[in-house]
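Q: The structure's right below; bear with me while I get my questions together.
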Amino acid sequence: MAGLIITVAALEKFNAGGFGTFTGVVSGLGIPGAPFWGVFIPLLELIGGLMVLLGLYARWVAVLFVVEYFVTSFLLKVPRQPPFGGWDSMRIDLMLWAAAIMLVLVGPGAFALESLLRRRGRRGVFSAAVGR
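Here it is as structure tokens:
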């Protein structure tokens, strides 16, 4: 479910004007390096969200989401007032942060694409890449 929510969030960023518009939002929040983050975050959410949804290298991409949702929850939303801050604004970020932490700790599960590939005996390069 987290992968679906994150992927939809990325698509909303693209539908709302793409990199330029999101870079403006990031800049308006006073975040240093807005041109970088304005491109990186939508791409991370699109590609990473799909990877989590499919269960392909999900544990590794979840590390990036742990960082992203920590920053959005505690550094961006705690000090601001609603509607772009405070508890009501940060609830979903906290849930996604918790989901990413659990994914890092326990892995993607038995039905993840990487687990299915591993069970089918596709060892070699794939197994070496995921470290198992």
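13 is the number of the first residue of the sequence shown in the working numbering; add one for each residue after it. Each residue gets a CB set at the ideal place from its N, CA and C atoms; glycine is no exception.
How would you label V73, buried or exposed, when you count the other beta carbons within 10 angstroms and need 16 or more for buried?
A: The count along the sequence shown starts at 1 and reaches residue 73 at position 61. Buried is the call here.
Q: Enumerate in chain order the residues of its own chain whose CB-to-CB distance from A22 is below 7 Å, with the five nearest sequence positions on each side excluded.
A: What you label residue 22 is simply residue 10 of the sequence shown in a count that begins at 1. So the qualifying residues of the chain are P54, E57, L58, G61.
Q: Are the beta-carbon atoms belonging to V83 and I113 less than 7 Å from one another?
A: Residue 83 sits at position 71 when you count from the first residue of the sequence shown. Residue 113 sits at position 101 when you count from the first residue of the sequence shown. No.
Q: Look at the Cβ atom of S39, then the Cβ atom of A28, and state whether they are nearer than 7 Å.
A: Here residue 39 refers to the residue found at position 27 when the sequence shown is read from its first residue. Here residue 28 refers to the residue found at position 16 when the sequence shown is read from its first residue. Going by C-beta atoms, S39 is not nearer than 7 Å to A28.
Q: By DSSP, does A28 sit in helix, in strand, or in coil?
A: For the purposes of this step, residue 28 is taken as the residue at position 16 of the sequence shown. Note: A28 maps to coil in three-state DSSP.
Q: In its own chain, which residues sit with a C-beta less than 7 Å from the C-beta of R71, not counting the 5 before and 5 after it?
A: Stepping through the sequence shown from its first residue, residue 71 is reached at position 59. The residues are L115, V116, G119, P120.
Q: Spatial neighbours of I43 within its chain, please: CB distance less than 7 Å, with the 5 preceding and 5 following residues excluded, ordered by chain position.
A: The count along the sequence shown starts at 1 and reaches residue 43 at position 31. Within the same chain, W49 come within 7 Å of I43 by CB-CB distance, once the 5 residues on both sides are set aside.
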